[in-house]
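What follows is a set of notes on a single structure, which appears directly below.
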Ligand code: 13P
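Numbering (this note's numbering), first residue to last: 99 to 422.
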């Protein structure tokens, strides 16, 4: 097994998942402000330190995705985050896309950017200790969207990113997110997710990306956030059907995003998905579903770090797969 394969397998194995703590500076600042915390660099750092130093985090978490700002910051004792994570038995990942921009030729749609200079940035993140990376494409369901051009542009960029990472010995976490916004039924999400993942598969093949050295981070197939909910078994069946129809059997694993679902819904859906047979390990790479309760409990109070960490421990515990 190559190092790339071993790293990818380690991220999704043993029932553990990936903690996504890589909100961009802008997004993290908004979330801090919403929690009543001043959006300073130090508060962003202190919040990430709270998360990654949670006792026994490595029992349920294999790796943590950071943004580039955090990759350059230190925990209180002066060690860089990647060094502190490694000492805790956690792999360091880094978000390397630079966010979305309007896609010319597709009014109202976006493409994720960050390909310029990507090889150099990935190499410099790897030199700082990152062993995996993340790139998120965003596709919204609307009248006639996502269009073919937005799907093509975004999946092409994901494949180019993934190949750059693998050439640098870094495991790509490939995130094509179909958003839940809207009141469409589950069947529409299923059809669009299938189109997106089929296009992604073609692009990954064309770029020569090794499936066993990457992790797919997809949305679950759910009705729109404004539509009547479907029971977890229905979500699980639709999700597994779309993924098995589009993805190769030798993928290292699938680690779902939570996409704004409540912590309870995301965990219930993941449990139902895990109950179905799949050719690859299935786990979580949640952001909000894991960290929102911790942020609310901490709210910038140095005396509430323990409460924030207890909330994170509870959410991780909900999602770790119990050995059969
Ligand atoms: P959510 O689980 O909050 O969707 O975040 C996952 C993620 O990494 C988004 O890029």
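Note that the Cβ used here is the ideal one computed from N, Cα and C, for glycine as well.
- Under the 10 Å beta carbon count, residue 120 is surrounded by 16 or more other beta carbons and is classified as buried.
- The way I'd put it, the stretch 156-176 doesn't touch the stretch 202-212; fewer than three beta-carbon pairs between them come closer than 8 Å.
- Here residue 213 carries a coil assignment [DSSP, helix/strand/coil].
- The three-state secondary structure of residue 393, taken from DSSP, is helix.
- By DSSP's assignment, residue 274 forms a beta bridge with 235.
- Residues whose Cβ lies closer than 5 Å to any heavy atom of the ligand 13P, listed in chain order: 118, 234, 355, 356, 357, 384, 385 and 386.
- Under DSSP, residue 117 shares a beta bridge with 162.
- Only buried fits residue 291, as 16 or more other CB atoms lie within 10 angstroms of its CB.
- Around the CB of residue 174, fewer than 16 other CB atoms lie within 10 Å, so the residue is classed as exposed.
- Each residue's CA atom was taken as its position, placing residue 316 and residue 353 some 7 Å apart.
- Within the DSSP secondary-structure output, residue 314 pairs in a beta bridge with 272 and 352.
- When secondary structure is reduced to three states using DSSP, residue 366 falls in the helix class.
- Distance between residue 248 and residue 204, taken at the CA atoms: about 7 Å.
- DSSP, read as helix, strand or coil, puts residue 384 in coil.
- By the neighbour-count definition (other C-beta atoms within 10 Å, threshold 16), residue 312 is a buried residue.
- Counting other Cβ atoms within 10 Å of its Cβ, residue 275 reaches 16 or more and is therefore classed as buried.
- Residues 365 of the same chain have their beta carbon placed closer than 6 Å to that of residue 416, with the five preceding and five following residues left out of the count.
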